[in-house]
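For what it's worth, my numbering labels the leading residue of the sequence shown as 3, then goes sequentially.
Glycine residues also receive a C-beta, built at the ideal position from the N, C-alpha and C atoms.
Only a predicted model underlies this, so the values are computations on that prediction, with no experimental measurement involved.
One structure below.
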Amino acid sequence: MTYTCTKDLLADLNRNGHLVRISQSVDPDLEMAEIQRRVYAAGGPAIFFEQVKGCPFPAASNLFGTLDRARFIFRLTLTHVQRLIELGADPFLLLKKPGHYLSLPRTLWHMLPQKKISGPVCQKTTTIDRLPWIKCWPGDGGPFILLPQVYTEDPANPSVMRSNLGMYRIQMAGNDYVANREIGLHYQIRRDIGGHHATALSMNQPLKVSIFVGGPPAHAFSAVMPLPEGMPEVTFAGALAGRRFQYIRKNGFTLSADADFCITGTVLPGDTKPEGPFGDHLGYYSLAHPFPVIRVDAVYHRNNAVWPFTVVGRPPQEDTVFGQLIHELTGPMVPKSIPGLTAIHAVDAAGVHPLLLAIGRERFLPGNKRKPRELLKIANALLGFGACALAKYLIIAAHEDNPDMDIHDIAAYFRHVLERVDWRKDLHFQTETTMDTLDYSGTGLNEGSKVMIAAAGPKKRDLITSLPSDLRLPDGFHHPALAMPGVLVVGGPGFTDIKAAEAEMAVFAQKLAGTQKREAMPLAVVVDDAEFAARTLNNFLWTTFTRSNPSHDIYGVDSFTRFKHWGCEGPLIIDARLKPHHAPPLTEDPKVTARVDELGKKGGPLHGII
């Protein structure tokens with residue numbers, strides 16, 4: 003089915019058993035977000051909130067809550083888009099299998115944006131305070147737009163073919179924003195909108211911004227799709243929607259004709275106000291910082307408009323499905339993007355950017371000792387490749403050592419690397435560099451470090467599967483456990499400052515040095531709660547990689563610096579305790595949780611779902 007708006011999508015989902023309706027009034031302050039998280043975690047259906055407390059518009063969430071439902075939504079176009087991407091990776095496929103690409107001309111036609119004189123989005127107008135003010139977490143600075151499509155054009159050469167459509171969060175109220183007149187625009191470092199904003203600043207002119215909400219679901223997905231530089235997202239949106247992106251020029255702004263809602267406004271040069279806090283997808287609050295302010299010009303909406311939203315927080319959440327679908331679509335392009343690269347996996351459970359796994363080809367000359375060579379070239383290329391440049395821990399293994407290795411089997415991947423890594427030479431740091439805007443483990447906003455771990459060659463060790471009998475811990479260290487074979491997790495004293503941490507890790511390293519089986523235990527992680535971190539793989543990944551800054555928090559047994567290179571005999575030690583400068587983790591409001599529990603009881607709309 004070709005959808006033109008959110009109402010079309012909901013009707014199709016309802017006909018096919020993918021929708022639950024909640025008819026009673028639901029509070030957008032924490033309650034709707036809690037419902038979304040609970041239904042998503044249960045693998046439940048899309049949700050239609052017929053009555054949003056204090057708001058004239060209904061809302062919908064969990065539209066993309068399972069990979070199967072996402073595939074269902076795009077069932078008529080997904081194969082055509084996949085084949086288009088295949089051709090981008092290997093154009094000769096058109097000659098080898100011409101019958102597979104008979105839909106190509108129609109898909110290319112749909113990629114051409116279509117200008118219209120008017121459209122459904124212009125049917126009515128409203129104000130910011132009448133939209134659903136959804137607040138997700140108790141510490142959020144206000145309500146946010148949670149599935150926005152933020153549209154800008156190059157100020158130096160404005161055109162729909164030189165546009166960017168990105169999913170950047172929008173704060174609707176709170177802080178110092180003037181009600182109905184100002185909203186906050188937050189974008190992370192290295193985002194495409196930053197180039198448009200920088201150009202506008204260099205020209206000392208306002209940046210025109212349009213925010214689309216709803217419309218064809220392909221438009222929201224396109225806003226998160228990593229595309230080749232220079233390819234506007236609106237072209238991909240047309241291909242995936244099976245319908246050309248239709249746009250309107252109105253009062254100097256570009257509107258998506260099919261959107262359920264459109265907010266237009268301008269960012270004046272140098273105009274910033276505190277935005278946040280916001281419970282983000284790393285599982286912590288991103289704190290309040292100065293970000294651009296959008297001065298609202300107008301708020302448009304179609305008749306029968308529905309407000310779609312999602313919720314982010316500690317992964318997995320609904321945005322995890324976006325990542326899975328992106329992987330399905332872009333998989334053929336990976337080997338073509340960076341020569342020698344065979345697979346990558348930005349680990350969702352670790353917050354995506356904190357941990358990037360990769361596999362590459364490590365060719366070698368006969369007679370040469372097997373060690374990482376080409377892997378380092380591939381790893382450096384990855385750190386300059388799109389969003390991969392935000393990776394904090396980049397681990398890369400050699401394809402030749404296990405051609406059948408599945409990069410999405412994280413436990414097996416870690417075991418493979420830990421059986422081969424040599425901490426004396428396989429660690430490569432970048433200090434004083436950029437870090438993901440949402441990651442507070444570094445030295446400041448957007449500032450931190452990176453480490454590459456490259457492992458190639460034959461197996462060097464068997465990993466322990468039980469705690470060493472002679473393991474001794476210093477005072478203040480407690481509850482040792484194995485998170486996985488060869489990985490020790492230990493509770494440590496509360497973190498106070500870096501000097502104290504250095505002393506504590508030195509004593510811990512001395513104790514580990516006396517353990518007979520230390521070679522079989524190549525990694526040790528110090529945490530606040532060892533039982534929690536070792537309970538599940540996801541807990542380990544989240545704790546370890548979101549709470550450590552490589553340059554400051556990596557230590558090791560018998561460490562050394564030689565010719566500017568840092569290494570250690572091992573085990574490697576990562577200090578993954580919460581630090582005073584870290585953002586606080588996200589927690590639910592127990593009273594709201596209790597209210598949502600009631601909806602899941604017999605007779606409630608979520609009975610049998612949550």
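Asked	Found
Beta-carbon proximity list for Met523, same chain, < 6 angstroms, skipping 5 on both sides	Ile466, Gly488, Leu490, Pro573
Whole-number beta carbon distance between Ala414 and Pro482, since they are thought to touch under 8 angstroms	About 24 angstroms separates the two Cβ atoms, so there is no contact after all.
Proximal residues to Met437 (C-beta, below 7 angstroms), its chain only, five neighbours per side dropped	Lys394, Gly444, Asn448, Glu449, Gly450
CB of Lys428 within 9 angstroms of CB of Ile455, strictly	Reading off the sequence shown, one finds Asp at residue 428, where the question assumed Lys. Yes; because the gap between Cβ atoms is below 9 angstroms, this pair is in contact.
Extent of the continuous beta strand (DSSP E) to which Pro341 belongs	Per DSSP, Pro341 belongs to no beta strand (DSSP E) and is neither H nor E.
Candidates Leu65, Ser288, Glu364, of which the one nearest Pro374 by Cα	Glu364
Sequence ranges, beta strand (DSSP E) only - wholly within the region 466-539, length at least 3	480-486, 489-493, 525-529
Alpha-carbon to alpha-carbon, Trp309 and Ala303	For the sequence presented, residue 303 should be read as His rather than Ala. For His303 and Trp309, the distance between alpha carbons rounds to 10 angstroms.
Close Cβ partners of Pro150 (< 8 angstroms) along its chain, the five nearest in sequence each way excluded	Met169, Tyr170, Arg171, Ile172, Ile213, Phe214, Val215, Ala225
Cut-off 6 angstroms between Cβ atoms - residues of its own chain near His480, not counting five sequence neighbours on either side	Gly493
C-alpha gap between Phe146 and Ala44, whole angstroms	24 angstroms
From Gly388, Pro271, Tyr189, residue whose alpha carbon lies closest to that of Ala290	Tyr189
Burial state of Asp507 (16 or more Cβ within 10 Å)	The amino acid at residue 507 is misidentified as Asp; the sequence shows Met. Result: buried.
Member of Asp156, Ile250, Gly186 whose CA lies at the smallest distance from the CA of Ile195	Asp156
In DSSP terms, what Ile296 is bridged to	Ile185
Counted within 10 angstroms of its Cβ, other Cβ atoms place Ser165 as buried (16 or more) or exposed	buried
Cut-off 6 angstroms between Cβ atoms - residues of its own chain near Gly267, not counting five sequence neighbours on either side	Val211, Ile296, Arg297, Val298, Asp299
Own chain residues within Cβ distance below 7 angstroms of Leu229, not counting five before or after	Glu235, Phe238
Phe565, buried or exposed, once every other Cβ within 10 Å from all chains shown has been counted against 16	exposed
Ser63, enclosing beta strand (DSSP E) - first and last residue	61-63
DSSP-derived helix/strand/coil call for Asn159	coil
First and last residue of the uninterrupted alpha helix (DSSP H) at Tyr557	No alpha helix (DSSP H) holds Tyr557; the beta strand (DSSP E) holding it covers 556-558.
Pick from Phe50, Arg246, Glu36 that is closest to Gln116, judged by C-alpha positions	Arg246
Nearest neighbour of Thr563, chosen from Asp14, His430, Pro495, Leu440 [CA to CA]	His430
Thr312 (DSSP reduced to helix, strand or coil)	coil
Secondary structure, alpha helix (DSSP H): runs of 4+ residues fully inside the region 245-297	none
Secondary structure of Met454, DSSP reduced to three states	strand
CB of Arg579 within 9 angstroms of CB of Phe497, strictly	yes
Contact under 9 angstroms by Cβ, Asp403 with Ala458	yes
Nearest-angstrom Cα separation, counted from Thr6 out to Asn253	24 angstroms
Paired residues, beta bridge with Trp568 - DSSP	Thr563
Coil, strand or helix - Ile397 by DSSP	strand
Residues near His82 by beta carbon distance below 6 angstroms, same chain, minus five either side	Ser105, Thr109
Exposure label - Thr538; buried when at least 16 CB within 10 Å	exposed
Under 9 angstroms between C-beta atoms of Glu320 and Gly67	yes
Neighbourhood of Phe324 by C-beta, 7 angstroms cutoff - its chain only, sequence neighbours within 5 removed	Phe66, Phe223, Val226
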